[in-house]
Amino acid sequence: MIRSYIIFLVFVSILFGCSSSDVTQNMPAEERFAIGKKLFEEEEYLDAKKEFEIVKLQYPGSSVADDAQYYLAECYYMREEYLLASEEYKSLRRNLPGSTYLSLAQYKIAMCYYNLSPESHLDQQYTLKAIDMFQSFIEYYPTDDLVADASSKIKELNGRLAQKDFDSAELYMKLGYYRSAAYYYNGIVEKFHDTPFAEPAHVGLAKAQTARKKYEEAKAAIEKFLQKYPHSKQLPEIESLKKEIEEKLQSRSGSGSPEQHSQTIK
């Protein structure tokens, strides 16, 4: 009797297990997506990801295919797996060109690299990628509501690049490698003129060129500084440097000593 009862229970469990499996396998894409979306909203990102992956792989032509693809990327993004997230956003843009998520996916690709961008003293490859992706977003979707935020983040990231170059320039100045210092200061002046590091870079460039005895170049750097920052707090310093340079130029003009006789500078 007991043996028969056990066999009956096993039979029932198998029957219901198969039935449940059939129901799951035959579930429409829309229901699958709805389950995934509910799990996503409950912050169950791993379980939600599985549902979105099933929709993506088994129902690529369904009405919720792009929704599933986008939220699959979002699952990775919310888990801070930014490289995987960026690949899924790219997959959406590549494989679903008619999706309403295209602009948002482009923005989120940029955000993935933005979140991977490290402090200024570290390698800045992700910073450069983020800037490139934000610029592409602005170019492709100039009227999007997120353009202002993208522009703000580009400015922030440019500031990070400028800081890295400024720190390098300052180090070269301390070491006495004035040519290298001038190179980095000038790069900031030319490429990152709208960052907080542009103003001190102008001053640094003038100092570096003065240290190299490149007085004409130093004078030109000072003139640019005075035009751009007429009310700078560094005016006393720059005016003093300007006076020093003018005296050097007058002395050189009076003595007729050629520049090639000047002391060799690193």
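Residues are numbered in the working numbering as their position in the sequence shown, beginning at 1, plus a constant of 7. Every residue, glycine too, gets a C-beta built ideally from N, C-alpha and C.
Under the DSSP assignment, F40 falls in the alpha helix (DSSP H) whose first and last residues are 36-48. A straight-line Cα-Cα distance of about 10 Å links L90 and N122. T217: member of the alpha helix (DSSP H) spanning 205-218, first to last residue. For E224, the enclosing alpha helix (DSSP H) covers residues 222-235. For N102, the enclosing alpha helix (DSSP H) starts and ends at 89-102.
In this structure, DSSP gives E251 a helical state, which the three-state scheme calls helix. At a Cβ-Cβ threshold of 7 Å, L168 and N193 do not count as neighbours. Buried is the label assigned to E81, since at least 16 other Cβ atoms lie within 10 Å of its Cβ. Taking 7 Å as the cut-off, the Cβ atoms of M140 and I161 do not count as close. With respect to the 7 Å criterion, L46 and A55 are classified as neighbours on the basis of their beta carbons. At the C-beta level, S127 and K181 stay beyond 7 Å of one another.
Assignment of E51 by DSSP, reduced to helix, strand and coil, places it in the coil class. V62 and S143 have their C-alpha atoms some 29 Å from each other.
Bounds of any alpha helix (DSSP H) do not take in V71, whose DSSP letter is neither H nor E.
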